[in-house]
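In the numbering used here, the protein residues as written are 136 to 740.
Notes for the one structure printed next.
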């Protein structure tokens, strides 16, 4: 009996041990499965950072470590916009007031340097801004009385021609032939006879390509808008401001460079692929024989072989051209406006005066934007999100996307600190500038987070200051939003999916938060240092001269010094045998003329 009980106990113990081991294996299996899922997720995240072979894409032409960190895929890889995506739904980073990048970093006059602190929104020319991540340029043209189109920022003229800016943008587009670049005009201005000009002008700013304008551009228009009559034919233009004049002046620039210039309504319901066809850059040829070009142009009364009246070929060559290419083809560049008097923007600008957010406030209890605790950060976020997420409206007095993409093909989100006279004065008091306000507030880095975290319902044009700082990171998160690129568009059901509930991680699409967030740069706020250092040096130097001069006058009798010097000089002359010469010199002098008893020199035969 005892033996049986012992055997049963041993059997029970073995069963318990077996069950324990089984449970342990089950728990171990679950742990292994959990570890496998975690590892797979990490591996998937790493996979989505590598560029996909065979996919058409943009690769930054200088993928340094600093630039590479701003891209979400390795090797500065950026997938192309989907060709079937509506242009109005495609996301572009726009450099705000692009022409201000051409303002000098240091001006010859301190007054101009001070003006530029709160007028300069960008660093670098159009080529550099596009290389830094911009894909749309905000351009404000101005027509001078000699017919030249230059650029401006409000009341501040900028000493660069539209042709120069477009040439720089065209060069970048040719160097990066997969990317679509947009130029949006607004605030077209006309020169007037009483317009004061900018001292920022430097003759070196206008390159040799524009020598035909040198006389008037330098002597007249940028100073007093044709106030000087230098008998040059360029001065004799009689310009009648009108929508037709605006369009003709801009068309002349774009036709010369072979860039398509369209009206906003031409873009209605266009896809990205169709816009690229419209924006295609072809080689521009200048005829080597003007007579032959004219003969060709006269055939059948039409422009033969795609040449215009000046012998410039602006259409794709159909045969072997006899002219030498002056501008290469390739890439996509498209200019646009409403073709009205002011060359109004094709975007709803969302500039609502009552809602504008500045970096500095007149209210004592509001910290400046350069302080991370400032309430201005919350306000600028609310302003930007409202521009995208409010109900659609065509009213310029209401924040939100446009109601009609026929009138406004694009919606502009101004993710930047606005500037008025008061905020500029307060910024100067804080020894700052537009560039430094943007840098010290880390605004562009914050916008990267807003886009990556999908806080915008839709983004069309994202306007920023200082695109050089995190511009490529902004373009990366915009392009990798689900449904934007060729990688995700076909897998993302735009017609049936609820965009708010869509989970890209479950669909295994390399977009949105399934791709790692790019690293952002914080930058160094040094743009105002050179200006204020120059002011300080000038003040110290001026004070030193004033004090030194006052001290010298106080402790020196100049009349006695001169008389003493004269006496010593005369004694030296007598000693060397020049006394007779001195007497002769004195005798020949006009007796009626009164002389001061200072230095008298001998006559020389």
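In this text, a Cβ means the ideal position worked out from N, Cα and C, and glycines have one as well.
For residue i, report the span of its beta strand (DSSP E) as first-last.
i: residue 549; result: 545-549
i: residue 319; result: 315-320
i: residue 271; result: 271-274
i: residue 296; result: 291-296
i: residue 285; result: 284-288
i: residue 213; result: 212-214
i: residue 472; result: 467-472
Excluding the 5 residues flanking residue i on each side, which residues of the same chain have their C-beta closer than 8 angstroms to its C-beta?
i: residue 254; result: 235, 238, 288, 289, 291, 569
i: residue 526; result: 535
i: residue 614; result: 213, 214, 216, 226, 620
i: residue 402; result: 222, 223, 410, 471, 481, 544
Can you tell me whether residue i is helix, strand or coil according to DSSP?
i: residue 113; result: In this structure the chain extends from 136 to 740, so residue 113 is not present and cannot be described.
i: residue 230; result: strand
i: residue 593; result: coil
i: residue 400; result: helix
i: residue 238; result: coil
i: residue 648; result: helix
i: residue 528; result: coil
i: residue 483; result: strand
i: residue 620; result: strand
i: residue 702; result: helix
i: residue 280; result: coil
i: residue 309; result: helix
i: residue 502; result: coil
i: residue 250; result: helix
i: residue 301; result: helix
Taking all protein chains shown into account, decide if residue i is buried (16 or more other Cβ within 10 angstroms of its Cβ) or exposed.
i: residue 592; result: exposed
i: residue 576; result: buried
i: residue 513; result: exposed
i: residue 461; result: exposed
i: residue 556; result: exposed
i: residue 298; result: buried
i: residue 231; result: buried
i: residue 277; result: buried
i: residue 312; result: exposed
i: residue 301; result: buried
i: residue 488; result: exposed
i: residue 554; result: buried
i: residue 678; result: exposed
i: residue 532; result: exposed
i: residue 314; result: buried
i: residue 228; result: buried
Would you mind reading off the limits of the alpha helix (DSSP H) that contains residue i?
i: residue 387; result: 378-392
i: residue 409; result: 407-414
i: residue 517; result: 511-524
i: residue 489; result: Careful: residue 489 lies outside any alpha helix (DSSP H) and carries neither H nor E.
i: residue 587; result: 578-587
i: residue 612; result: 606-614
i: residue 265; result: 261-266
i: residue 200; result: 200-203
Between which residues of its own chain and residue i is the CB-CB distance below 6 angstroms, once the five residues before and five after are set aside?
i: residue 204; result: 654
i: residue 724; result: Confidence is the limiting factor: at residue 724 the pLDDT is only 43, short of 50, which leaves the residue's position unreliable, though a coordinate-based value still follows. The answer is none, since no qualifying residue turns up.
i: residue 475; result: 378
i: residue 473; result: 399, 479
i: residue 382; result: 474
i: residue 601; result: 570, 573
i: residue 397; result: 471
i: residue 658; result: 574, 604
i: residue 519; result: 548, 550
i: residue 608; result: 205, 583, 653, 655
Considering only residues of the same chain and omitting the five flanking positions on each side of residue i, which have a CB-CB separation below 7 angstroms?
i: residue 558; result: 493, 494, 495
i: residue 322; result: 275, 477
i: residue 611; result: 205, 206, 207, 213, 653
i: residue 545; result: 223, 481, 482, 595, 596
i: residue 388; result: 284, 297, 298, 301
i: residue 415; result: 467
Are the segment 485-503 and the segment 551-569 in contact at 8 angstroms, needing three or more beta carbon pairs? In short, these stretches touch, since the Cβ pair count reaches three.
When you compare the segment 391-398 with the segment 277-287, are there three or more beta-carbon pairs, one atom per stretch, that lie closer than 8 angstroms? Cβ pair count under 8 angstroms is below three, so no.
Report yes or no: do three or more beta-carbon pairs, one from the segment 461-479 and one from the segment 310-322, lie closer than 8 angstroms? Yes: the two stretches touch, three or more of their Cβ pairs being nearer than 8 angstroms.
The segment 216-229 / the segment 400-407 touching (three or more Cβ pairs under 8 angstroms): The way I'd put it, the segment 216-229 does touch the segment 400-407; three or more beta-carbon pairs between them come closer than 8 angstroms.
For the segment 525-540 against the segment 502-516, do three or more pairs of beta-carbon atoms, one drawn from each stretch, fall closer than 8 angstroms, so that the two count as touching? In short, these stretches do not touch, since the Cβ pair count stays below three.
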